[in-house]
């Protein structure tokens, strides 16, 4: 435990598992899954999500931040599992959170594969609330406390680079467009930095045994210019996400076309760092981050 790097810690409970127990359970579960439950008095009490430390850390910090905001909202239409601990050992990171007993919306589909209209409406209301959560101007885009951006704009839905400012992200996208000979450009100047759940599919929401809706996966949820919300909801090929998007009141961004073109170039070259030799506000080139 002495070599563990704790990057998030809330008030731990009396029955909280030790770091060694957490690590051993996840090691036993193996790399073919990304989470295990921990029993207390014979019942699931905690859920541990684990994976590459550099990715899990951002996800855990973002989920913890959003969970606090949602919990403090007496009229919230969505709940988020509370995070108790986030730590890394070696190259693997661990998020320990509340276990939520319930059924994902994907599991609630009809025999013919249709989603319930009420489930679609519930997730749309949740996405509406979540995308209203903002960060102050000047905050680095990405997960809380910085890190790699999880979003479908990037190859494999994860940025290679970290961005100190929204301007750095905008500059890279525009350089990609220039390199490809495209005259389109993005301009995020008027965008708020908002929570962007870029993958609100039916597997990422649970209805618990009491009928409450929970957002359970923050792997592709970051604070980004609001154009990224428009991009995700406009371009998704997922039928459930398309149904949700029709019910969400989000700003239709003029940047989506240019973003789509730039994203296509990243895919063609299989390189999320393309155009990344832009000088950042902190004096580092993005390719050095």
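In the numbering used here, the protein residues as written are 121 to 409. Where is the CB? At the ideal position from N, CA and C, for every residue including glycine.
A direct Cα-to-Cα measurement between residue 337 and residue 310 gives close to 28 Å. In this chain, residue 333 is not harboured by any alpha helix (DSSP H); it is covered by the beta strand (DSSP E) spanning 333–335. Distance from the CA of residue 232 to the CA of residue 238, rounded to the nearest whole angstrom, comes to 17 Å.
Taking 3 residues as the shortest admissible run, the segment 174–246 contains the following complete beta strand (DSSP E) segments, listed from N- to C-terminal end: 203–209, 212–218, 222–224. Between residue 396 and residue 292, the CB-CB gap stays under 8 Å. Sequence-distant partners of residue 280 (beyond 5 residues in either direction) whose C-beta falls short of 7 Å from its own C-beta, in its chain, are 392, 393. In the structure shown, residue 355 adopts helical secondary structure according to DSSP, grouped into three states.
In the DSSP assignment, residue 297 falls within the alpha helix (DSSP H) that extends over 286–299. With fewer than 16 other Cβ atoms inside 10 Å of its own Cβ, residue 234 counts as exposed. At the C-beta level, residue 270 and residue 224 stay beyond 8 Å of one another. Annotation for residue 149: 156 place their beta carbon closer than 6 Å to its own, counting only its chain and skipping 5 residues before and after. In the three-state DSSP reduction, residue 377 falls in the helix class (H, G or I). Per DSSP, residue 168 is one residue of the beta strand (DSSP E) stretching across 163–172. For residue 341, the uninterrupted beta strand (DSSP E) segment begins and ends at 341–345.
Rounded to whole angstroms, residue 210 and residue 354 show a C-alpha spacing of 39 Å. Here residue 388 is exposed, its C-beta having fewer than 16 other C-beta atoms within 10 Å. Our two residues, residue 145 and residue 356, have alpha carbons roughly 35 Å apart in a direct line.
C-alpha of residue 359 to C-alpha of residue 284: approximately 34 Å in a straight line.
Around the CB of residue 347, 16 or more other CB atoms lie within 10 Å, so the residue is classed as buried.
Cβ neighbours of residue 375 within its own chain (closer than 6 Å, five residues either side excluded): 306, 347.
In the structure shown, residue 142 adopts helical secondary structure according to DSSP, grouped into three states. The beta carbons of residue 167 and residue 137 sit no closer together than 8 Å.
Beta-bridge annotation (DSSP): residue 126 is paired with 207. CA-to-CA, the gap between residue 222 and residue 377 works out to about 39 Å.
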